[in-house]
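Here is the structure we will look at.
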Amino acid sequence: MAEQTITAASAGSFKIGEDLPVHRLGYGTMQLTGRGVWGDPEDPDEAVRVLQKAVDLGVNFIDTADVYGPYVANEFVKKALHPYPDDLVIATKVGFTRQGPDRWIPVGRPEYLRQQVEMNLRTLGVDTIDLLQLHRIDPKVPLADQIGELALMKLEGKIRHIGLSQVSVGELQAANEITPIVSVQNLYNLAKRDSETVLNYCEKHQIGFIPWFPLATGALAKDGGPLEQIAKKYEAKPAQIALAWLLKRSPVMLPIPGTSSIQHVIENIAAAGIQLSDEDFQSLSQAVSQ
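Quick note on numbering: the working numbering labels position 127 of the sequence shown as 131, and the sequence is numbered without any gaps.
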């Protein structure tokens, strides 16, 4: 009998903004660019194939941003997947400027945010952005001006839902007083859980939590470490166990592992089929003191 292919549907589902159902294991596009998230990748054709393979394996939630390239990742999404499947949800971000490889400076002036929303619409080839996230809150600009401009574009039909990235609970609450916030994208993984309080708040209020850098596992992944030991038990790779841990951690968790390799896409999505025992989940959780 042929072995059944695991798809992203095995991760379960979550409704972003209560009206956009997605499989909880998505795909992030940042690695579909050149070194330093700048310019084109070494193999543009492979970037297209990776996106198509992810969708073939059930991914219907793709996270991108105007500054990945800049615009390179967006253009690959359009080239690979447009016209888009009806169930595909594309999230993108605005609020950073780029000055070269690995250089990022937040700019939250309303006119810049509006410009970048318009550019995302054009480069993605859509009339409405499903989920527009503020890449960073600019401390030089009043929060009400930044969120207010996004809320205005939502009223104009250019944005369906609004999210935030790398914020505290207080910042999330303040933004939510201006307009409904449906997602938070913070640094979070098995080895880095500084955003635990934000995740708990999101879970309580049914706000999608998108962990960026989901596969970073640090010393946990070293030879003979706890991650490797549990991976062997499940006949899996450490990265797959790290993703399975995230999926079990919270029903609002939406991991978006990115890669430029088709083989890694297949492996990452296969993590949706791993059901960690409560004992193994706790063992991994306690392996890093927070």
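Heads up, the beta-carbon is just placed ideally off N, CA and C, and yes, glycines get one too.
If you draw a straight line from the Cα of I163 to the Cα of E232, it is about 42 angstroms long. Taking 7 angstroms as the cut-off, the beta carbon of L61 is found no closer than this to the beta carbon of A51.
In this model, G129 and S281 are separated by some 43 angstroms (Cα to Cα). Judged by their CB atoms, L138 and G99 are nearer to each other than the 7 angstroms cut-off.
Per DSSP, the continuous beta strand (DSSP E) segment holding I109 begins and ends at R107 to P110.
The segment 184-195 and the segment 157-171 touch, with no fewer than 3 CB-CB distances between them shorter than 8 angstroms. With a contact defined as Cβ atoms closer than 8 angstroms, P74 and R102 qualify at about 5 angstroms.
As computed with DSSP, S169 is found in a beta bridge with Q189. Contact between the segment 19-36 and the segment 250-265 is present, with at least three C-beta pairs closer than 8 angstroms. The straight-line gap separating the alpha-carbon atoms of V59 and T11 is approximately 9 angstroms. Note on the segment 212-254: whole beta strand (DSSP E) runs with a minimum of 3 residues are 212-216, in chain order. By the Cβ rule, the segment 270-281 counts as touching the segment 238-255, because three or more pairs are nearer than 8 angstroms. Sorting E283, L219 and Q267 by C-alpha distance to the C-alpha of I260 places L219 at the top. DSSP, reduced to helix, strand and coil, places R53 within a helical segment of the structure shown. For Q119, the number of other beta carbons within 10 angstroms of its own is below 16, and it is reported as exposed. Straight-line spacing of the CA atoms in P230 and A195 works out to 12 angstroms. Under the DSSP assignment, P114 falls in the alpha helix (DSSP H) whose first and last residues are P114 to L128. Take S14, set aside five residues on each side of it, and the residues of its chain with a beta-carbon closer than 7 angstroms to its own are A276 and G277, in chain order. If the five residues before and after A77 are omitted, its C-beta is found closer than 8 angstroms to the C-beta atoms of T33, M34, L36, T37, T68 and A69, all from its own chain and listed in chain order.
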